[in-house]
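Visitor: In the working numbering, the protein residues as written are 17 to 456.
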Ligand SMILES: [Mn+2]
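(1) Pair every Cβ in the segment 300 to 320 with every Cβ in the segment 375 to 392, then say whether three or more of these pairs are closer than 8 Å.
(2) Following a CB-centred definition, is residue 372 positioned closer than 8 Å to any heavy atom of ligand 1?
(3) Just checking my contact of residue 277 with residue 259 at CB under 8 Å: how many whole Å lie between their CB atoms?
(4) Could you tell me whether any non-hydrogen atom of ligand 1 is closer than 8 Å to the CB of residue 89?
(5) Under the three-state reduction of DSSP, which class applies to residue 342: helix, strand or coil?
(6) Say the cut is 8 Å; is the CB of residue 435 nearer than that to a heavy atom of ligand 1?
(7) Quick one: is the Cβ of residue 332 within less than 8 Å of any heavy atom of ligand 1?
(8) Between residue 210 and residue 290, is the Cβ-Cβ spacing less than 9 Å?
(9) Can you tell me the Cα-Cα spacing of residue 47 and residue 409, whole angstroms?
(10) Following a CB-centred definition, is residue 289 positioned closer than 8 Å to any heavy atom of ligand 1?
(11) Have a look at residue 31 and residue 75 and give me their C-alpha separation to the nearest angstrom.
(12) Using only the heavy atoms of ligand 1, determine whether one of them is closer than 8 Å to the beta carbon of residue 213.
(13) I need the straight-line Cα distance from residue 105 to residue 62, nearest angstrom please.
(14) Which partner residues does residue 33 have in the DSSP bridge list?
(15) Using only the alpha-carbon positions, how far apart do residue 399 and residue 102 sit?
(16) Kindly indicate which three-state DSSP category residue 52 falls into: helix, strand or coil?
(17) Below 7 Å CB to CB, which residues in the same chain sit around residue 19 once its five sequence neighbours on both sides are set aside?
(18) Would you check if there are 3 or more beta carbon pairs closer than 8 Å linking the segment 192 to 200 to the segment 173 to 180?
(19) With the cut-off set at 9 Å, would you say residue 181 and residue 158 are in Cβ contact?
(20) Please identify the residue among 369, 339, 370, 383 whose C-alpha is closest to the C-alpha of residue 356.
(21) In the structure shown, what three-state DSSP assignment does residue 152 receive?
(22) Pull up the distance between the alpha-carbon of residue 203 and that of residue 394, whole angstroms please.
(23) Any idea which residues DSSP pairs residue 274 with across the strands?
(24) Along the chain, which unbroken stretches of the beta strand (DSSP E) at least 3 residues long are found entirely within the segment 332 to 413?
(25) Would you mind working out which of 412, 247, 324 sits nearest residue 347, comparing C-alpha positions?
(26) Could you please give the first and the last residue of the uninterrupted alpha helix (DSSP H) stretch that includes residue 145?
(27) Grab the span of the alpha helix (DSSP H) containing residue 137 for me, first residue to last.
(28) Measure the C-alpha to C-alpha separation of residue 454 and residue 96 and round it to an integer number of angstroms.
(29) Determine the DSSP secondary structure at residue 290, reduced to helix, strand or coil.
(30) Should residue 383 go down as buried or exposed, given a rule of 16 or more other Cβ atoms within 10 Å for buried?
(31) Which value, in whole angstroms, describes the spacing of the CA atoms of residue 52 and residue 361?
(32) Check whether the Cβ atoms of residue 424 and residue 402 lie closer than 9 Å to each other.
(33) Candidates 169, 38, 212: which alpha carbon is nearest residue 281's?
(34) Mapping the DSSP letters down to three states, classify residue 439 as helix, strand or coil.
(35) Near residue 238, which residues of its chain fall below 8 Å by C-beta distance, leaving aside the five closest residues on each side in sequence?
(36) Could you name the residues of the same chain whose beta carbon sits closer than 6 Å to that of residue 265, not counting the 5 residues immediately before and after it, in chain order?
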């Protein structure tokens, strides 16, 4: 059975009620689950429910489908795998048709095999159909076949919905604004993530390996009650840190190099997303320190700006200005500051954006622009701030800067007054990082 240790069934019911209130009369929402993913041979990856499906149901099973409807039918219908002692002996527990009602609050439930006939019946009774094409080919095929059957059957009294709408327009707006319960989970994810990063600073040393630290992250996440990493951890030493999404995590840790760790713990489907960069031997070289303090200055400048009404674009522009100005001072760029910014020359060393929404998905849902303009931040939103500096090992710059990769990333809750840094306690200043690295 799914462990609802913090989010109880009333929270999922409240979310469904909000959706039902927003979709208007004669509407139906279909949410599906991704198929189990094969790793190799006959072994699967661990299953992860889609965030939208979990957000509204709390059900973490493949082959499950949810319908929410304001037509003259049940409000909430679940389709699930049938209980099957033999299958459950081999592959794990199932809610089953009875459990879908008694444990997950469905007004009516069926086995997955009934989805096709029920969808045909229920889609012929509505005007607005909320369904997201392009996420799952099996559902796309079923939906297209069903709509085609309905259109062809108009002379027999069938009718197709008038409109197909994106459920994200409602659901993703809800997910963008975190409730108190969600903030509790994100706070917990941030705390555990902090402990894991700290453990890595204490353990990392020349002669170690990136893989050992990736394992320490996993171990700390799960030992402290998380479900594991919310995305594949990035543990990159030396020039590996200049590869933005490096996940091989298998190189030796070398004396004199920096180590970049981008890792976040997931707690009940909510993830943290934190990056720290520190010296393998516990002491920044002068060039590393200059680069590090530049990225830190960009990060703190942007974080300080965060309050309702500010936009993510403005935070990024602030980071770009600090980084560009620092690159000129370090001699990594030359010329005029305004030109470097206008011509985006900083992109040779800082090529990604500074922030994204954070929540159930590490790059969480929610529109970044509204009516063509950058969206103002509002209380309850959670964003990252993560400027970086990446100097390729063969870059045409002074030798001491080659192969330096630095990113510093924190998770920020927008509050009514300004903001709260959920990951503030994880060492960030040069002094705090060196102290933690030498606390082993
Ligand atoms: Mn991030």
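Don't be surprised by glycine CBs; every beta carbon is placed ideally from N, CA and C.
Guide: In this structure, then:
(1) no
(2) yes
(3) The Cβ separation is near 14 Å, so there is no contact.
(4) no
(5) helix
(6) no
(7) no
(8) yes
(9) 46 Å
(10) yes
(11) 14 Å
(12) no
(13) 17 Å
(14) Bridge partners of residue 33: none, in fact.
(15) 45 Å
(16) coil
(17) At residue 19, the pLDDT of 44 sits below 50, so the modelled position is not reliable; the number obtained from the coordinates is stated separately. Answer for residue 19: no residue qualifies.
(18) no
(19) no
(20) 339
(21) coil
(22) 18 Å
(23) 295
(24) 398 to 401, 404 to 406
(25) 412
(26) Where residue 145 is concerned, there is no enclosing alpha helix (DSSP H), although the beta strand (DSSP E) it sits in stretches over 144 to 146.
(27) 131 to 139
(28) 52 Å
(29) strand
(30) exposed
(31) 44 Å
(32) yes
(33) 212
(34) coil
(35) 244
(36) 226, 227, 230, 251
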